[in-house]
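Per the working numbering, the very first residue in the sequence shown carries number -6; after that it's consecutive. Everything below concerns the one structure shown next.
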Amino acid sequence: MNKIIDLRSDTVTKPTKQMLEAMFSAEVGDDIFDEDPTVNKLQEKIAKMFNKEAALYVPSGTMANQIAIKIHTQPGDEVICDITSHIYNFEGGGISFNSGVSTKLINGDNGRIRAEQVLESINPDNIHYASSQLVSLENTSNKGGGSCYELSDIEKIRTVCTQNNLKFHLDGARLFNAITEKKYTSTDIGNLFDSVSICLSKGLGAPIGSIIISSSEFIQKAKRYRKLFGGAMRQAGYLAAAGIYALDNHIERLKEDHENAQELVKILKQQSYIEEILPTETNIVIFKLKNDFKDTDFIANLEKNKIKVVSFGPQTVRMVTHLDFKSEMLSEVEKVLNGF
Ligand SMILES: *Cc1c(COP(=O)(O)O)cnc(C)c1O
């Protein structure tokens, strides 16, 4: 019997044996007393990778973004971001709930916004308007099909932010996927943003955890909000050890996920029932089915054949490659898709 092929998300991975060994042997302490050596090591390591002063380990990517937005804004302010942003669409309305801020949504190019669009979106300094305070980018863009920014485009937005006194945040849940495909480094990214969030539990394959990276002053505030949001943990070093292992061992291999995604695209392109596939740059493949081919039936039929995917809008399906999706599974996916 074939095993289930799970293409729903890169969050479905389970720790490898080596990662578990690193977790089991972690040295731990009470992180609320700042006494967990493994959490401290992870935070110092990643801050250094981004040429930033400090970092904070948090339970989820959502919490990392929400804490950053909270620190950068006051109630009544406005965040400028793409209309497909995770912070706007997939964080439970947290921008308004946690920070009491509104959003100015930009119609970008598969999740990417441009400096001119940011400039046009800044509200005038006039009592009728919310005060524009923060620009948030997403790299790679989830709803944009894993699209990546060019460094020069980020630099142009940085300039707009600097000239207009706006803070600049990056939702870098899958930043290392972008870094794998583009020529820039984590240091380049760290130098451009005021704060960056990173997920350890997506392509990097850790079971839990995200990081916020910024200045020491910002991270001091972030620690307060992490506690307030209920995310301060005790012997979290067991989890942080997985993060350290992931940073040391799972960044390079992301290119395999990208290669597998390209193979999936090739297979999908052969199918007559596919209407359109978003440009695939990294590990996310988003495609639309022709109207006479019902998405719910397609997803259910895949499920019957032990292949899991997610619905990503009307007639739209997402597949994500990851550590536990092996290239040997491609032929099974091809066989099933060819059979519809
Ligand atoms: C997954 C994701 C997050 C948040 O992740 P959680 O850990 O599930 O809260 C944030 N931004 C993007 C772009 C994501 O894909």
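Beta carbons are placed, not taken as given, at the ideal position from N, Cα and C, and that holds for glycine. For clarity, every value in this text was computed on a predicted model and none was experimentally measured.
Asked	Found
Can at least three beta-carbon pairs, one atom from the segment 3 to 18 and one from the segment 212 to 223, be found at a separation below 8 Å?	no
Pop quiz: alanine 208 and isoleucine 201 are said to be a contact at Cβ under 8 Å. What is the actual Cβ separation, rounded to whole angstroms?	Just to set this straight, residue 208 is serine in the shown sequence, not alanine. The pair is not a contact, with the Cβ atoms about 25 Å apart (cut-off 8 Å).
Cα separation between phenylalanine 291 and glycine 85?	28 Å
Write down the C-beta distance between threonine 31 and glutamate 46 rounded to the nearest angstrom, noting that I regard them as a contact closer than 8 Å.	Wrong, their Cβ atoms sit about 20 Å apart, outside the cutoff.
Suppose you measure from the CA of leucine 144 to the CA of lysine 175; what does that come to, to the nearest Å?	8 Å
Where do the N-terminal and C-terminal ends of the alpha helix (DSSP H) with lysine 10 fall, by residue?	10 to 17
May I have the straight-line CA-CA distance separating isoleucine 39 from serine 188, to the nearest angstrom?	13 Å
For glutamate 327, which residues does DSSP report across the bridge?	Answer is none; glutamate 327 lacks a bridge partner.
Write down the C-beta distance between histidine 251 and glycine 198 rounded to the nearest angstrom, noting that I regard them as a contact closer than 8 Å.	Actually they do not touch by this definition, with Cβ atoms about 15 Å apart.
How many Å lie between proline 307 and lysine 41 at the Cα?	42 Å
Indicate, with yes or no, if ligand 1 has a heavy atom lying under 7 Å from the CB of leucine 166.	Sequence check: residue 166 is alanine here, not leucine. Correct: alanine 166 has its Cβ closer than 7 Å to ligand 1.
CA-CA distance, methionine 322 and leucine 240?	26 Å
Asparagine 100: buried (16+ other C-beta within 10 angstroms of its C-beta) or exposed?	exposed
Can you give me the C-alpha to C-alpha distance between asparagine 157 and valine 128, rounded to a whole angstrom?	11 Å
Taking 7 Å as the cut-off, is the CB of asparagine 135 close to at least one heavy atom of ligand 3?	As for ligand 3, it is missing from this structure, which binds only ligand 1.
Going along the chain, which residues of its own chain have a beta-carbon closer than 6 Å to the beta-carbon of leucine 232, five neighbours each way excluded?	Ile201, Gly202
I need the straight-line Cα distance from lysine 149 to serine 78, nearest angstrom please.	19 Å
What's the gap between the Cα of arginine 215 and the Cα of alanine 61?	Inspection of the sequence shows that residue 215 is occupied by alanine rather than by arginine. The straight-line gap from Cα to Cα measures roughly 7 Å.
Look at the alpha carbon of phenylalanine 161 and the alpha carbon of serine 125, and state the distance between them as a whole number of angstroms.	12 Å
Given that a residue counts as buried once 16 or more other Cβ atoms are within 10 Å of its Cβ, and exposed if not, what is threonine 275?	buried
Identify the continuous beta strand (DSSP E) that holds leucine 159 and give its terminal residues.	Counting along the chain, leucine 159 falls outside any beta strand (DSSP E), and DSSP gives it neither H nor E.
Return helix, strand or coil for histidine 315, following the three-state DSSP convention.	coil
Under a Cβ-count criterion, where at least 16 other Cβ atoms within 10 Å of its own Cβ denotes burial, should methionine -6 be classed as buried or exposed?	Only weak support is given to the placement of methionine -6: the predicted model assigns it a pLDDT of 47, under 50, and the value that follows is read from those uncertain coordinates. Its Cβ having fewer than 16 others within 10 Å, methionine -6 is exposed.
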